[in-house]
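Written below as structure tokens is the structure these notes are about.
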Amino acid sequence: MPVTTVSACLPVLGAEVRAPLDTGEDVPYAALDYAASAPALRAVWDEVAAFLPSYGSVHRGAGYLSRLSTELFEESRATVAAFLGCRPDDALIFTRSTTDSLNLLAGALPEGCQVFVFATEHHAALLPWDRHGRAAVTCLPAPSTPEQAVAILRAALAQAAPGPKLLCVTGASNVTGELWPVADLAATARSFGARTVLDAAQLAPHRPVDIAALGVDWVALSGHKLYAPFGAGVLAGRADWLSPAEPYLAGGGASAVVSASPDAGVEVTWHTAPEVRHEAGSPNVVGAYALAAACRALDAAGFPALVAREERLLASLLTGLAETPGVRVLWLFGQDAPRVGVVSFVVAGWESGALARALSDRYGIGVRDGLFCAHPLVQALLGDRAEDGDGDCDGPLKAVRASFGAGTPDEHIERLVRAVRELAAAGPPD
Ligand code: PMP
Numbered sequence: 005m006p007v008t009t010v011s012a013c014l015p016v017l018g019a020e021v022r023a024p025l026d027t028g029e030d031v032p033y034a035a036l037d038y039a040a041s042a043p044a045l046r047a048v049w050d051e052v053a054a055f056l057p058s059y060g061s062v063h064r065g066a067g068y069l070s071r072l073s074t075e076l077f078e079e080s081r082a083t084v085a086a087f088l089g090c091r092p093d094d095a096l097i098f099t100r101s102t103t104d105s106l107n108l109l110a111g112a113l114p115e116g117c118q119v120f121v122f123a124t125e126h127h128a129a130l131l132p133w134d135r136h137g138r139a140a141v142t143c144l145p146a147p148s149t150p151e152q153a154v155a156i157l158r159a160a161l162a163q164a165a166p167g168p169k170l171l172c173v174t175g176a177s178n179v180t181g182e183l184w185p186v187a188d189l190a191a192t193a194r195s196f197g198a199r200t201v202l203d204a205a206q207l208a209p210h211r212p213v214d215i216a217a218l219g220v221d222w223v224a225l226s227g228h229k230l231y232a233p234f235g236a237g238v239l240a241g242r243a244d245w246l247s248p249a250e251p252y253l254a255g256g257g258a259s260a261v262v263s264a265s266p267d268a269g270v271e272v273t274w275h276t277a278p279e280v281r282h283e284a285g286s287p288n289v290v291g292a293y294a295l296a297a298a299c300r301a302l303d304a305a306g307f308p309a310l311v312a313r314e315e316r317l318l319a320s321l322l323t324g325l326a327e328t329p330g331v332r333v334l335w336l337f338g339q340d341a342p343r344v345g346v347v348s349f350v351v352a353g354w355e356s357g358a359l360a361r362a363l364s365d366r367y368g369i370g371v372r373d374g375l376f377c378a379h380p381l382v383q384a385l386l387g388d389r390a391e392d393g394d395g396d397c398d399g400p401l402k403a404v405r406a407s408f409g410a411g412t413p414d415e416h417i418e419r420l421v422r423a424v425r426e427l428a429a430a431g432p433p434d
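Here you go:
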């Protein structure tokens, strides 16, 4: 079946922003840091602006706007759950972000849980698991192919002691953009009685995420990477570990019955439904509404068309970088491995911070430089840099990351390729 193509990018806020150059001129800003935070879709902003006059306290008041906001908040939950292909009995908790969601799940692990994570993960997926003293973490080595990732997991699970187990895996790397074999990993985990949480922070903005079809138990994502920068994230999935867990925050809403007296002290009975128990305090209804609006906008545009357009831009970026002497693109699974619009690279002779600064000051292009909160992965990928002739730069080993998405016009990618070509040829300033 032919894929419909979206020839133009989706409208986003900030498209008219002009960036000052060091010449004193200014140019249209090229936002190529979507993997950190994507701009708001115009459709999201329009929906949020239309909603705000109806804003009222959620789950708290009997007044009209309070009831309306509560209804829209719960409708937003249902919209996001449908977007993620949730099963009927899955819970969906609004959080602040992917980091928040994974920390919430870490606090809900059963006693003695063994958590398996690849060393290549973002720190948000690497760090939360053993903080509560109930889980032990097994760090799996970096695979060099998707098939090897599955084999590594299988070998580790085969040796694991009986008891609850969890695999935490990313859908798309925030460093290389490469897609991970999530369905195969989840099936392998399941065959050993282990559960899977998918870190979809980078996957969800670029590909459909279907919890049931992927066979994962939970999904975590961030609204600010999904064109909805209003402070909401999501943890969606199985309710059974979440219902008995310590409430993520103690406070109003999560508590069903509270008594307090000087004699008996403070006593509380918590709600058991995960979305009540773990959403104490006044919920971020604007963030939840914005996330739902983003889901509607992406569904309306259609992922097949969005993906086709992104792949075209990705191909032109990768070709342009490959044709530029001195540029090395980072990858784990291979040069041609499927990936989303996230590309990290180094340029011979350039310290990455200086290169990112030059892209901004001379071309009005915003990218990120550094280790991208995935220190083990970036350090492993850059480790052989000195040996392959790229070691003649000063400063710590870091990379530059360009990332884009549904709001990126062709011109931004063309400008980046031209800029990298010119800067690589010119070398860094003395
Ligand atoms: N996982 C991945 C793969 C990410 O790219 C990020 C953000 N860079 C996170 C988790 C954490 O997301 P947040 O900062 O929104 O919590």
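Heads up, this note's numbering is the position in the sequence shown plus 4, with the first residue counted as 1.
No residue lacks a Cβ here, since even glycine has one placed at the ideal position from N, Cα and C.
The region 13 to 27 makes contact with the region 362 to 378: 3 or more CB pairs, one atom from each, lie closer than 8 Å. Between Gly257 and Ala284, the gap from beta carbon to beta carbon is short of 8 Å.
Under the Cβ criterion (8 Å, minimum of three pairs), the region 85 to 95 does not count as touching the region 103 to 118. In the DSSP assignment, the residues bridged to Ile369 are Ala34. The nearest non-hydrogen atom of the ligand PMP is 7 Å or more from the C-beta of Ser61. For the region 214 to 239, the full-length beta strand (DSSP E) segments reaching 3 residues or more read 222 to 226 along the chain. Residue ranges of uninterrupted beta strand (DSSP E) with 3 or more members, entirely inside the region 312 to 354 and ordered along the chain, are 331 to 333 and 346 to 351.
At the C-beta level, Ala403 and Val350 come within 8 Å of one another. For Ser101, the Cβ falls inside the 7 Å cut-off from some heavy atom of the ligand PMP. Judged by DSSP secondary structure, Thr142 falls within the beta strand (DSSP E) whose first and last residues are Ala139 to Leu144.
The beta carbon of Glu314 sits closer than 6 Å to those of Gly345, all from its chain and outside the five residues before and after it, given in chain order. Setting aside the 5 residues that flank it on each side, Gly181 is surrounded in the same chain by Arg343, Val344, Gly345, Val346 and Val347, each with a C-beta closer than 7 Å to its C-beta; the list follows chain order. Taking a 10 Å sphere around the C-beta of Glu125, we find 16 or more other C-beta atoms and assign the residue as buried.
Proximity to Glu75 across Phe55, Cys172, Gly235 and Arg46 peaks at Phe55, based on C-alpha coordinates. In the three-state reduction of the DSSP assignment, Phe120 falls in the strand class, which pools E and B. For the pair Ala164 and Ala139, the Cα-to-Cα distance works out to about 13 Å. For Asp414, the enclosing alpha helix (DSSP H) stretches over residues Asp414 to Ala430.
Distances from the CA of Thr149 to each of Arg372, Phe337, Pro413 and Gly235 were compared; the closest alpha carbon is that of Phe337.
Beta bridge pairing from DSSP links Ser263 with Glu271. In this chain, the alpha helix (DSSP H) harbouring Leu130 covers His127 to Leu130. One thing to note: Ala53 has its Cβ no nearer than 8 Å to the Cβ of Pro43. Look at Leu25 here: in three-state DSSP terms it is coil, with no helix or strand label.
With fewer than 16 other Cβ atoms inside 10 Å of its own Cβ, Gln339 counts as exposed.
In this structure, the beta-carbon distance from Val371 to Arg405 falls below 8 Å. Of the heavy atoms belonging to the ligand PMP, none sits nearer than 7 Å to the Cβ of Ser265.
Lys169 has its alpha-carbon roughly 12 Å from the corresponding atom of Ala112.
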